[in-house]
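According to numbering that gives the first Met the number 0, the sequence shown is numbered sequentially starting from 0.
Using N, Cα and C, we set each Cβ at its ideal position, and we do this for glycine too.
For reference, the structure is listed below as structure tokens.
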Amino acid sequence: MAMTTDGAVDGRSSRWAEHRTQRRAELVDATVRAIRAHGPRVGMDEIAAMAGTSKTVVYRHFTDRAGLYAAVVERVESLIARDVRAAVGDPLIAVEGDGRPVVAAAVDAYLRLVERDPDVYRFVVAAPLLDRDPQAVEAGGVPTHLARQIGDLVASALRAGGRPVDVAPVWGAAVVGMVRAAADDWIRPDGATHGRTREELRDDLAALAWSGLAAVWPTRPRASR
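Printed below as a string of structure tokens:
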């Protein structure tokens, strides 16, 4: 009987965990819809209304506003990471040819989110749900994750050229910092980059990044494996 009881308890626990995971995803979806409907400074009341529930239920799944914010950041991060993976692919393969289109594609992955969902992007950057400095939360979020991906690409290029790779994380962070600063300016109505298309801004930023990276990129394809 003990085994049967334990099995029943384990089964209920598993189903409850799956239900919580699904419900959290639904609440994140509702939060993103609320951001699109009400703007990046959306409040918890508007989020709960969009989800068709109460703030108490939202807090039950995310503990507090910071937990909900972190879940939205994770969602946005996964979308950008997917696009960058599609653009860059395997870093070892990416460095075998002309690197500039690969760098441009990675930059474009970031800018596409800004263009497609500017309010969601502003929500992630401004962190309006938080009472503290958003940088303290965002340190592990979208820019840092993208910087690691670019850093991996740069490291592969340096390694293929027989160069030390210790500078790769710094350059990855520098490229993403440049792209983020330009993207933040691009979505401001009075920004210096306002009026430029995504493709134009992508090419501008890729040209600037490539002017430095080209010096360390392998000058010819690696031998076929």
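Judged by DSSP secondary structure, P117 falls within the alpha helix (DSSP H) whose first and last residues are 117-125.
Between the region 14-29 and the region 100-108 there are fewer than three inter-stretch CB-CB distances shorter than 8 Å, so the stretches are not counted as touching.
Y109 is a Cβ neighbour of V178, given a cutoff of 8 Å. Shown here, D202 sits in a helix according to DSSP, grouped into three states.
By the neighbour-count definition (other C-beta atoms within 10 Å, threshold 16), D151 is a buried residue. Scanning its chain for C-beta atoms nearer than 6 Å, with the 5 sequence neighbours on each side dropped, one finds around D107 the residues R201, in chain order. When DSSP states are grouped into helix, strand and coil, D107 belongs to the helix group. Rounded to whole angstroms, the gap between the alpha carbons of T196 and A154 is 30 Å. If you draw a straight line from the Cα of V72 to the Cα of L26, it comes to about 13 Å. Nearest Cα to A180 within the set L204, V75, I34, Q148: L204. Counting every other CB atom within 10 Å of its CB across the protein chains shown gives G194 a total below 16, marking it as exposed.
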